[in-house]
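2 protein chains.
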Amino acid sequence: MVTNTQVIFSKVPSTFPVSGEHITINKSQFDLEAPLAEGEFIVKTLVLSVDPYMRGRMRDASIKSYAPAFILGQPMDGHSVMQVIKSNSVKTKEGDYLYGMGKFEEYTKWNDKTASEQNLVVRNDPKSNGIPVSYYVGVLGMPGLTAHYGLYAIGNIKKGETIYISAASGAVGQLAGQISKAHGLRVVGSAGSAEKVAYLKEIGFDAAFNYKTDDTDAKLTELCPNGVDVYFENVGGKMLEIVLTHMNTFGRIIGCGMISQYNLAKPEKVGNLMNIVSKRLKFEGFIIFDHPEAESQFLKDVTQMILDKKIRYQETHTKGIENTPEALLDVLTGKNFGKQVVDVANV
Amino acid sequence: MVTNTQVIFSKVPSTFPVSGEHITINKSQFDLEAPLAEGEFIVKTLVLSVDPYMRGRMRDASIKSYAPAFILGQPMDGHSVMQVIKSNSVKTKEGDYLYGMGKFEEYTKWNDKTASEQNLVVRNDPKSNGIPVSYYVGVLGMPGLTAHYGLYAIGNIKKGETIYISAASGAVGQLAGQISKAHGLRVVGSAGSAEKVAYLKEIGFDAAFNYKTDDTDAKLTELCPNGVDVYFENVGGKMLEIVLTHMNTFGRIIGCGMISQYNLAKPEKVGNLMNIVSKRLKFEGFIIFDHPEAESQFLKDVTQMILDKKIRYQETHTKGIENTPEALLDVLTGKNFGKQVVDVANV
Numbered sequence: 001m002v003t004n005t006q007v008i009f010s011k012v013p014s015t016f017p018v019s020g021e022h023i024t025i026n027k028s029q030f031d032l033e034a035p036l037a038e039g040e041f042i043v044k045t046l047v048l049s050v051d052p053y054m055r056g057r058m059r060d061a062s063i064k065s066y067a068p069a070f071i072l073g074q075p076m077d078g079h080s081v082m083q084v085i086k087s088n089s090v091k092t093k094e095g096d097y098l099y100g101m102g103k104f105e106e107y108t109k110w111n112d113k114t115a116s117e118q119n120l121v122v123r124n125d126p127k128s129n130g131i132p133v134s135y136y137v138g139v140l141g142m143p144g145l146t147a148h149y150g151l152y153a154i155g156n157i158k159k160g161e162t163i164y165i166s167a168a169s170g171a172v173g174q175l176a177g178q179i180s181k182a183h184g185l186r187v188v189g190s191a192g193s194a195e196k197v198a199y200l201k202e203i204g205f206d207a208a209f210n211y212k213t214d215d216t217d218a219k220l221t222e223l224c225p226n227g228v229d230v231y232f233e234n235v236g237g238k239m240l241e242i243v244l245t246h247m248n249t250f251g252r253i254i255g256c257g258m259i260s261q262y263n264l265a266k267p268e269k270v271g272n273l274m275n276i277v278s279k280r281l282k283f284e285g286f287i288i289f290d291h292p293e294a295e296s297q298f299l300k301d302v303t304q305m306i307l308d309k310k311i312r313y314q315e316t317h318t319k320g321i322e323n324t325p326e327a328l329l330d331v332l333t334g335k336n337f338g339k340q341v342v343d344v345a346n347v
Numbered sequence: 001m002v003t004n005t006q007v008i009f010s011k012v013p014s015t016f017p018v019s020g021e022h023i024t025i026n027k028s029q030f031d032l033e034a035p036l037a038e039g040e041f042i043v044k045t046l047v048l049s050v051d052p053y054m055r056g057r058m059r060d061a062s063i064k065s066y067a068p069a070f071i072l073g074q075p076m077d078g079h080s081v082m083q084v085i086k087s088n089s090v091k092t093k094e095g096d097y098l099y100g101m102g103k104f105e106e107y108t109k110w111n112d113k114t115a116s117e118q119n120l121v122v123r124n125d126p127k128s129n130g131i132p133v134s135y136y137v138g139v140l141g142m143p144g145l146t147a148h149y150g151l152y153a154i155g156n157i158k159k160g161e162t163i164y165i166s167a168a169s170g171a172v173g174q175l176a177g178q179i180s181k182a183h184g185l186r187v188v189g190s191a192g193s194a195e196k197v198a199y200l201k202e203i204g205f206d207a208a209f210n211y212k213t214d215d216t217d218a219k220l221t222e223l224c225p226n227g228v229d230v231y232f233e234n235v236g237g238k239m240l241e242i243v244l245t246h247m248n249t250f251g252r253i254i255g256c257g258m259i260s261q262y263n264l265a266k267p268e269k270v271g272n273l274m275n276i277v278s279k280r281l282k283f284e285g286f287i288i289f290d291h292p293e294a295e296s297q298f299l300k301d302v303t304q305m306i307l308d309k310k311i312r313y314q315e316t317h318t319k320g321i322e323n324t325p326e327a328l329l330d331v332l333t334g335k336n337f338g339k340q341v342v343d344v345a346n347v
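Just so you know, the sequences run in chain order A and B. Numbered as in UniProt numbering, the first sequence ends at 347 without a single skipped number. Numbered as in UniProt numbering, the second sequence ends at 347 without a single skipped number.
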């Protein structure tokens, strides 16, 4: 028997979730020695990812949305890298790294069917290519794919255009900016601290500003003198309202997320929507879970960029699964810097 | 000399324009006998079109938008059918009907260059096919092309889907509904009077309601039990906010116009935008002036539907160019029924 620390969804929050109330830690026991039926295997979680979209899953299960609600009283789940420590499945062998929607607990017993439902796939690349395991839930995981797909499939980015990225130092934004720069765009971003703004300039953004201390409207006028052709929308609310007035004719708004709204009991209304008609804008939302077919090209492209040292990727590592609730809250309030991961085991 | 009655843009309005203040009537003299230089010709206006987008042209000329501002003190212009009454141009001959952006006056002298700038083209079809001349500024003119292009190029309508059309009895909406129905969609519309709602049902809408007396949210729940796949957006504001909650996953919003907002000093803000991301919606604006290439297929399709009596098209005819200001105001307040035209001459 080993202790199995679990992150439990305990209560539906109405605004910001609170650690110890809406998300709690449970210590259960896990029998590593129990015999495995055919197709069963046990994984140990190495690293897990906390992301803004999880706030949407902390809802009453009767409300439908794109990602299933977390189940009250059960461990949360999310993108993780796990290692197989015991297997009676022909699909995985001891030592394999798996990527997919793991449970937020130290040990999980899967079988081939449940593992397939959670899209667990063997991903042993980091064992040999020197890329940190945590990158596989970030720049090479769901957030990275989100940036890559959003820019190409929705944003239709073109050399010489100007892109503006909100939440630009986040898990998605920082990669979106670097891919856009490599593609020949003028890249402008905003973030919520002087440190984050300095980082954006270091990684090649043409310009960046602090939306908390600067006037967004004035800064966009100054930093995007030819207007905005593509807006990578991560924020929503007042930010969107301002950006609409800076969009160029035939501009595209990549509807990736609206983090400013997720914890409001009453989301903000947005003005200036007539710009969508008068400037012939395309505002298109997407959810990366719909596009698994886009993953292989993305992995190929971005792995190579990392190996060629053309991409930098800022992460905040929280140590210990018991600190997962705080890590998620930091993401929702913007306290983290870059991609927030939780190191569950030493790799 | 003949009297040439003109409709003059006199003052920029801040809310609803007022006849006699923002739009005025001028009587000038026109010399029909004066010799014409090479390339010059004189037209008599037969019918002119007043449309919602014209409100956007009644602005200070320093403000850029998709359609040029009207020039203070000058005749307004807009889609018209004109007849050539005298010509020294090889491109037009006496008796030809022309379609394009005519001046809102009884007589105009053009030359080949100015006529080309205003996209005047010879359109003699109504002389022989029995279709009323007024149709060529409505169902076969700019509003008809708007409906056709919006449905196919932006809405990507598919058989079996549900479309909801606001301002459905208007110049664009009534054709959009009938094309959608012919294409195999469930078609639901809203309009602002019992008479208009009855008309929508007569021309084949599966359901229709009065947005002024019915609860839009409840009606959409009742009449679109499988949700809305395509929203033909003519209205904006609160209507858009409600429709967003009825959209299906991967739905399309055809951003054609937002007439509820054009006369507000402070346009309304819109809630529920997070649906664009969570439901992966595409909200795309378009301006039909960008798509002249779409006209020939449209004219072919819709002319045939009219000749086959598969399309009905409601018009309100105002007699006399001097009543143009009231006709435009009626469009902006929804007092008109169907396509509003002004009969300038007897045809």
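Glycine is no exception: its CB is placed at the ideal position from the N, C-alpha and C atoms. Quick caveat: nothing in here was measured; it's all calculated off a predicted structure.
Remark: three or more beta-carbon pairs, one from each stretch, lie closer than 8 Å, so the region 262-282 of chain A and the region 270-282 of chain B are flagged as touching. Glutamate 293 (chain B) and asparagine 119 (chain B) have their C-alpha atoms roughly 13 Å apart. Rounded to the nearest whole angstrom, the C-alpha separation of glycine 170 (chain B) and threonine 216 (chain B) is 18 Å. Here the alpha carbons of glutamate 33 (chain A) and methionine 1 (chain A) stand approximately 8 Å from one another. A distance below 8 Å separates the beta carbons of glycine 189 (chain A) and alanine 168 (chain A). Look at glutamate 322 (chain B) here: in three-state DSSP terms it is helix. DSSP places aspartate 77 (chain B) in the uninterrupted beta strand (DSSP E) bounded by 77-87.
Taking aspartate 301 (chain B) as the centre and dropping the five residues before and after it, the same chain places the C-beta of His148 closer than 8 Å to its C-beta, in chain order. Ranking A:Val47, A:Thr324, A:His79 by CA distance to the CA of glycine 20 (chain A) puts A:Thr324 first. DSSP, read as helix, strand or coil, puts asparagine 26 (chain A) in strand. Contact between the region 308-322 of chain A and the region 71-83 of chain B is absent: fewer than 3 CB-CB pairs across the two stretches fall below 8 Å. Taking C-beta atoms under 8 Å as the contact rule, isoleucine 85 (chain B) and valine 43 (chain B) qualify, at a distance of about 7 Å.
In this structure, the straight-line span from the alpha carbon of lysine 27 (chain B) to that of glutamate 106 (chain B) is close to 10 Å.
By the Cβ test, the region 91-103 of chain A is in contact with the region 114-132 of chain A, since at least three Cβ pairs between them sit closer than 8 Å. CA-to-CA, the gap between alanine 194 (chain A) and serine 49 (chain B) works out to about 56 Å. Setting aside the 5 residues that flank it on each side, serine 10 (chain A) is surrounded in the same chain by Glu21, His22, Ile23, Thr24, Leu72, Gly73, each with a C-beta closer than 8 Å to its C-beta; the list follows chain order. Think of a sphere of 9 Å around the beta carbon of proline 267 (chain B): the chain A residues whose beta carbon falls inside it are Gly271, Asn272, Leu273, Met274, in chain order. Tyrosine 99 (chain A) is bridged by DSSP to A:Val81, A:Val121. The C-beta distance from leucine 185 (chain A) to isoleucine 203 (chain A) rounds to 14 Å, too long to fall under 8 Å, and the pair is not in contact.
In this structure, asparagine 275 (chain B) lies near threonine 245 (chain B), with their beta-carbon atoms less than 8 Å apart.
Per DSSP, valine 139 (chain B) is not a residue of any beta strand (DSSP E), being assigned neither H nor E. Straight-line spacing of the CA atoms in glycine 100 (chain A) and tyrosine 262 (chain A) works out to 24 Å. Around the CB of asparagine 234 (chain A), 16 or more other CB atoms lie within 10 Å, so the residue is classed as buried. Membership of aspartate 343 (chain A) in the beta strand (DSSP E) is indicated by the continuous run 339-343. Residue range 247-255 is occupied by the beta strand (DSSP E) that includes threonine 249 (chain B). Annotation for alanine 61 (chain A): no beta strand (DSSP E) segment contains it, and DSSP assigns it neither H nor E. With a beta-carbon spacing of about 20 Å, phenylalanine 337 (chain B) and lysine 181 (chain B) fall beyond the 8 Å limit used to define contacts.
Take asparagine 4 (chain B), set aside five residues on each side of it, and the residues of its chain with a beta-carbon closer than 6 Å to its own are Ser28, Phe30, Glu105, Glu106, Tyr107, in chain order.
Among the bridge pairs identified by DSSP, valine 188 (chain B) is matched with B:Tyr164, B:Ala207.
For cysteine 224 (chain B), no CB of chain A lies under 8 Å from its own CB, so it is not counted at the interface with that chain. Under a 10 Å Cβ-count criterion, glycine 155 (chain A) is classified as buried, with 16 or more other Cβ atoms of the shown protein chains found around its own Cβ. Close CB contacts of methionine 305 (chain B) within its chain, under the 6 Å cut and outside five residues either way in sequence, are with Ile311 (chain order). Spanning the alpha carbons of tyrosine 136 (chain A) and glutamate 322 (chain A) requires a straight line of approximately 21 Å. At a cut-off of 8 Å between beta-carbon atoms, glycine 236 (chain A) makes contact with chain B.
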